[in-house]
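Q:
Residue numbers (the working numbering): 23 to 257.
#1: Taking the beta carbon of residue 12 as the centre, do at least 16 other beta carbons fall within 10 Å, making it buried, or is it exposed?
#2: Less than 8 Å separating the beta-carbons of residue 119 and residue 160?
#3: Can you tell me whether residue 214 is buried or exposed, with buried defined as 16 or more other CB within 10 angstroms of its CB?
#4: Just the Cα atoms here: how many angstroms apart are residue 155 and residue 127?
#5: Which residue wins for smallest C-alpha separation from residue 94, given the options 113, 129, 157 and 76?
#6: From the DSSP output, in three-state form, read off residue 166 for me.
#7: Can you tell me which of the three DSSP states residue 245 falls into?
#8: Apart from the five residues just before and just after residue 223, which ones in its own chain have a Cβ nearer than 6 Å to its Cβ?
#9: Which of helix, strand or coil does DSSP assign to residue 68?
#10: Can you list, in chain order, the residues of its chain whose CB lies under 7 Å from that of residue 133, leaving out five sequence neighbours each side?
#11: For the structure I just gave you, are there three or more beta carbon pairs, one from the region 168-178 and one from the region 224-233, closer than 8 Å?
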């Protein structure tokens, strides 16, 4: 089993019984017992490692610059106690970011009344290509924030708790974590605006990406290697 969310305590307890090994990023901020194995990297590299992913052409109708936003439902079992960004904060962020390009929003729940933005084109198959071409990511999804970060796109993750892997990506200068209250979101927005106003941001984030990934393993190859090794041990 591959895990990366420390607060999914109940899931971890179940998986201790069902799994032969529990594999996490090295940055995982908890111990999972004798079955626990850590790897140097993040689960997003299973599909987005440079040896695995090359962005395709952007979907028809998409022109740079654009920003990707993501709102979640907060219904997952590790989201208890979270409320996310307020509707007022969402409107403010969308309004300001729209000054720097088209804003595309992926949302698990209805958007606030009066918020009219274009639908994300191209379908899910083009999701990573669309994310790779964005000027910036801003949202409540840890997974999408990490995907943006490993693609070299400035990522803003709005969450009161964070994750071990998002904090590691923060230390590497690829991601920014902020809380869910309006004040924290306002701080995040000001930082995002400053990056979007700097013509060197895209080049700088690609440089940071190259440095961060230069010694990271191909996670897909590592998963195959582990599956073969542990299958042999159990046979």
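We put the CB at the ideal spot given by N, CA and C, even for glycine.
Computed from a prediction, not measured in an experiment: that's the story for all the values here.
A: Once the coordinates are examined:
#1: Past the edges of the chain, shown from 23 to 257, lies residue 12, and the structure says nothing about it.
#2: Yes, they are a contact pair.
#3: So residue 214 ends up on the buried side.
#4: About 15 Å.
#5: Residue 94 has its Cα closest to that of 129, out of 113, 129, 157 and 76.
#6: Residue state, collapsed to three classes: helix.
#7: In the structure shown, residue 245 sits in a helix (DSSP, three-state: H, G or I).
#8: The residues are 217.
#9: Per DSSP, reduced to three states, the secondary structure at residue 68 is helical.
#10: Excluding sequence neighbours, residue 133 sits near 127.
#11: Under the Cβ criterion (8 Å, minimum of three pairs), the region 168-178 counts as touching the region 224-233.
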